[in-house]
Amino acid sequence: MSVEGFLQIIGIITITIFALAFISFVLILIIGYVLLKKNKLIFPNLALFLMDNFYSILLKIFLLIGTEDTFYRVGIEFYNKYYEDKFKKTKKRVLILPHCLRNTKCPAKLTPKGVECIFCNRCKIGDIIKVAEENGYKVYIVPGSTFLKRILKEEKPEAVFGVACNRDLFYGMNMLSRKGIPSQGQPLLRDGCINTLVDVDELITRLKSL
Numbered sequence: 000m001s002v003e004g005f006l007q008i009i010g011i012i013t014i015t016i017f018a019l020a021f022i023s024f025v026l027i028l029i030i031g032y033v034l035l036k037k038n039k040l041i042f043p044n045l046a047l048f049l050m051d052n053f054y055s056i057l058l059k060i061f062l063l064i065g066t067e068d069t070f071y072r073v074g075i076e077f078y079n080k081y082y083e084d085k086f087k088k089t090k091k092r093v094l095i096l097p098h099c100l101r102n103t104k105c106p107a108k109l110t111p112k113g114v115e116c117i118f119c120n121r122c123k124i125g126d127i128i129k130v131a132e133e134n135g136y137k138v139y140i141v142p143g144s145t146f147l148k149r150i151l152k153e154e155k156p157e158a159v160f161g162v163a164c165n166r167d168l169f170y171g172m173n174m175l176s177r178k179g180i181p182s183q184g185q186p187l188l189r190d191g192c193i194n195t196l197v198d199v200d201e202l203i204t205r206l207k208s209l
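Quick note on numbering: numbering that gives the first Met the number 0 labels position 22 of the sequence shown as 21, and the sequence is numbered without any gaps.
Set out below in structure tokens:
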């Protein structure tokens, strides 16, 4: 056999191995997603390592079978499930709310620590804050990720509960996971820059139960 023929065979074998590995990986993603929906995690520590460090690659693969937004939702569900028990064992917690939940006529002012709610009842943020504080959370209403990093540096919370759009929430939970901070997340029902919407009843129920 010539060297050229040998290299050709090696090339075919290599491509076949990569193709089989890729197909297997996609199948694992699908099986993992199905099990996640049934509140079961497959190889949780390995899945966490991959989600934390190779999410960009996972996203590209996932786009072959789903949408970017669906990937973020799956990631959020995974982090919620993985960290739920660890979250429950913490005491020093913060709740991060997006300022876009406010009413467009909100009179509250932006301060170095975020928006300071004055409980004017023009939106549901005041109700959420009351329940959160009753259950041991320190609440921040923030306009962006810069505030989150400042809060982490100043407060050094043991756990973080975040409310945001799917994309921002996923990346926030990913960052927290890489820092070893347990998190829980509640995606917005309607996102955007203003007049966003969250399932208040579900959020309050989760704040009480965790």
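Glycine residues also receive a C-beta, built at the ideal position from the N, C-alpha and C atoms. Computed from a predicted model, the values in this text were never measured in an experiment.
Practice item. Determine the direct distance from the alpha carbon of D51 to that of D68, and round the result to whole angstroms. Key: CA-CA distance, D68 to D51, rounds to 17 Å.
Point to revise | Whole-number beta carbon distance between L147 and G171, since they are thought to touch under 8 Å | key: 6 Å
**Study point:** Outcome for I124 when other beta-carbon atoms lying within 10 angstroms are tallied against a minimum of 16
**Key:** buried
**Study point:** Pairwise C-alpha distance: K85 and T15
**Key:** 41 Å
**Study point:** the region 126-138 contacting the region 192-207, beta-carbon criterion three pairs below 8 Å
**Key:** yes
Exercise for review: Throw me the rounded Cβ distance for the I140 and H98 pair, which I believe falls under 8 Å.
Suggested key: 5 Å
Check your understanding: Should F70 be labelled buried (16 or more other beta-carbon atoms within 10 Å of its own) or exposed?
Key -> buried
Point to revise | Buried/exposed call for P106, threshold 16 Cβ in 10 Å | key: exposed
Review point. Terminal residues of the continuous alpha helix (DSSP H) containing G74?
Key: From DSSP, the alpha helix (DSSP H) with G74 extends over E67 to K87.
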